[in-house]
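Per the working numbering, the very first residue in the sequence shown carries number 116; after that it's consecutive.
Idealized CB from N, CA, C, for every residue including glycine.
Just so you know, these numbers come straight off a predicted model, no measurement behind them.
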Amino acid sequence: MRLVRDLGRRKLRSALTITGIMIGIMALVVFGSMANKIDALVKGGSTYYKDKVVVSAKGGYMGLGGVLSTKMADQISALDGVDVVVAGVEMLLSDDQSGVSMGTPPMIDGSVADADKGRETFQINYATGRALTEQDEGSNVAVLGSDLARQFNAQVGDTVTLRDVQFKVVGILEPTLTAPDNSAMVPLAAAQQLFMKTLPTLVADKLDVNVIATSLVVYPEPGVDPQKIADEINASISGVTPMTGKDFDQEIGAATSMLNAILIGIGLISLLVGGLSVINTMAMSVAERTREIGIKRAIGASRWRIRREIVIESAVIGLIGGLLGLGLGYVITTLGNDAGRSSATILFDLTFGTAFSSVAFATILGATAGFIPAWHASRLDPVTALRYE
Numbered sequence: 116m117r118l119v120r121d122l123g124r125r126k127l128r129s130a131l132t133i134t135g136i137m138i139g140i141m142a143l144v145v146f147g148s149m150a151n152k153i154d155a156l157v158k159g160g161s162t163y164y165k166d167k168v169v170v171s172a173k174g175g176y177m178g179l180g181g182v183l184s185t186k187m188a189d190q191i192s193a194l195d196g197v198d199v200v201v202a203g204v205e206m207l208l209s210d211d212q213s214g215v216s217m218g219t220p221p222m223i224d225g226s227v228a229d230a231d232k233g234r235e236t237f238q239i240n241y242a243t244g245r246a247l248t249e250q251d252e253g254s255n256v257a258v259l260g261s262d263l264a265r266q267f268n269a270q271v272g273d274t275v276t277l278r279d280v281q282f283k284v285v286g287i288l289e290p291t292l293t294a295p296d297n298s299a300m301v302p303l304a305a306a307q308q309l310f311m312k313t314l315p316t317l318v319a320d321k322l323d324v325n326v327i328a329t330s331l332v333v334y335p336e337p338g339v340d341p342q343k344i345a346d347e348i349n350a351s352i353s354g355v356t357p358m359t360g361k362d363f364d365q366e367i368g369a370a371t372s373m374l375n376a377i378l379i380g381i382g383l384i385s386l387l388v389g390g391l392s393v394i395n396t397m398a399m400s401v402a403e404r405t406r407e408i409g410i411k412r413a414i415g416a417s418r419w420r421i422r423r424e425i426v427i428e429s430a431v432i433g434l435i436g437g438l439l440g441l442g443l444g445y446v447i448t449t450l451g452n453d454a455g456r457s458s459a460t461i462l463f464d465l466t467f468g469t470a471f472s473s474v475a476f477a478t479i480l481g482a483t484a485g486f487i488p489a490w491h492a493s494r495l496d497p498v499t500a501l502r503y504e
């Protein structure tokens, strides 16, 4: 009760201080959740690329931006150390990519089911339905990622339109927090037909739809370094760009680490400003309670007790601000994700770790900010404090 009374002595000042902490924690939660989403995307990509080499056309990137031939798979298969080569076709779900995207935009991904012969290690699970099979070649069926399924509001058995062509949904993936959530997986032949329609007529007329690909996924033999395979491809095949897991980490991981640092830094700066307001509030509170502190010291209160009372009071200010900031951050991230689901754009991933650490940091910051005024109060001479006006 005494603590509530002390906080209520200057309601407006306490409210403003708590608001400062709340805004800082809200920023930390929002930007931290955005950083979590980026981390999940990068970790997913790193896991996907770590044991393979993905070959794109020269000037392309991660299977986008150029046309290859499935016949090139035979050339790569003949290289030493190569186990399996899988041809695939990847393209944007829509040519209009004007909206905000966190990670890969909605994609169509076509390949022959089970062509990897069990070599793929990236785990995906099915929420409903089934995976594609070799028997699906020649038919228009699709497996949708969790975010894309929400965008289409689709269930297994429904029909969705991918680039003006109707596909029957046979499976929906569980969330992976990375690229597959935003993908529609279709048989290779269907993807080849869709991709051909995206090409200029002069280019399309010169191509055989049955052999076009945009990427070749190369699985080395067990124990063979993917970088060795990439070097062999560079040396023996022109017009292509191989990417290994190490390349992905260097190109994507470094950039996202810097972005994450910036995002978290913005939140921390906002929170530190709130911490300064706690110091100001507690310093003013100590000044106003100088006589009270003098009386406590005169009747035997120890310096430790005085410090403890003030530090606890400032810690509670931090805790209240932290909880309110977490609540506000939760609302913002939830509304942001809900607003983006219609376009398969999920910007935030608010984890328990982010929530707990944000509130804990606010509480510790509040206690730390109150320690300086508390130390000053505990050092007051009782006689001088009693005579303070």
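If I follow the unbroken beta strand (DSSP E) through residue i, where does it start and stop?
i	result
Thr-162	Here Thr-162 belongs to no beta strand (DSSP E); instead the alpha helix (DSSP H) covers 126-164.
Leu-277	274-277
Phe-237	Element bounds for Phe-237: n/a, residue is neither H nor E.
Leu-462	It is not in any beta strand (DSSP E) - Leu-462 carries neither H nor E in the DSSP assignment.
Val-170	168-172
Gly-360	First-last for Gly-360: 360-363, but that is the alpha helix (DSSP H), not the beta strand (DSSP E).
Val-301	298-301
Thr-243	241-244
Val-201	197-207
Leu-331	330-335
Ser-226	222-226
Is the Cβ-Cβ distance between residue i and residue j less than 8 Å?
i	j	result
Ile-239	Pro-295	yes
Met-187	Ile-327	no
Ala-228	Glu-249	yes
Val-170	Ile-348	yes
Ala-477	Ile-136	yes
Gly-159	Thr-359	no
Gly-481	Ile-425	no
Thr-243	Val-271	yes
Asp-273	Val-284	yes
Tyr-164	Arg-234	no
Val-332	Gly-203	yes
Val-256	Ala-246	no
Leu-450	Val-474	no
Arg-420	Ala-489	no
Thr-329	Gly-181	yes
Leu-383	Leu-194	no
Glu-252	Ala-304	yes
Ser-161	Phe-363	yes
Ala-345	Pro-357	yes
Gly-436	Ile-140	yes
Pro-221	Leu-156	no
Taking C-alpha atoms, which residue in the options lies nearest to residue i?
i	options	result
Met-149	Ile-447, Thr-132, Ala-172	Ile-447
Thr-512	Asn-151, Tyr-164, Asp-195	The chain is shown only over 116 to 504; residue 512 falls outside these bounds and no answer can be derived.
Ile-153	Ala-489, Leu-462, Pro-337	Leu-462
Tyr-445	Glu-289, Phe-471, Arg-422, Asp-262	Phe-471
Leu-207	Thr-162, Leu-309, Ile-287, Asn-268	Leu-309
Leu-288	Val-280, Ser-429, Ala-269	Ala-269
Tyr-241	Ser-261, Lys-232, Ser-254	Ser-261
Ile-487	Asn-452, Ile-427, Gly-455	Ile-427
Thr-469	Gly-440, Thr-134, Asn-452	Gly-440
Ser-209	Gly-354, Phe-237, Asp-279, Lys-126	Asp-279
Ile-479	Ile-394, Ser-417, Asp-464	Ile-394
Ser-392	Thr-371, Ala-430, Ile-381	Ala-430
His-491	Ser-372, Gln-190, Arg-418, Thr-293	Arg-418
Thr-134	Asp-453, Asn-452, Gln-281, Leu-443	Leu-443
Where do the N-terminal and C-terminal ends of the alpha helix (DSSP H) with residue i fall, by residue?
i	result
Gln-342	341-351
Ser-261	261-267
Thr-185	Segment: none, Thr-185 is in no alpha helix (DSSP H) and carries neither H nor E.
Lys-283	From DSSP, Lys-283 is part of no alpha helix (DSSP H) but of the beta strand (DSSP E) over 280-288.
Thr-316	316-319
Do we get a CB-CB distance below 8 Å when we pair residue i with the residues of chain B?
i	result
Thr-185	Among the protein chains of the structure shown there is no chain B, as only one such chain exists.
Give the C-beta separation of residue i and residue j to the nearest angstrom, bearing in mind that I take them to be a contact with Cβ-Cβ under 8 Å.
i	j	result
Lys-167	Pro-341	6 Å
Asp-231	Val-199	6 Å
inquiry  = I'd like to know if the segment 296-304 and the segment 130-150 are in contact, where contact means that at least 3 CB-CB pairs between them fall below 8 Å.
reply    = no
ask   = Would the segment 311-328 and the segment 144-162 be scored as touching if the rule is three or more Cβ pairs under 8 Å?
value = no
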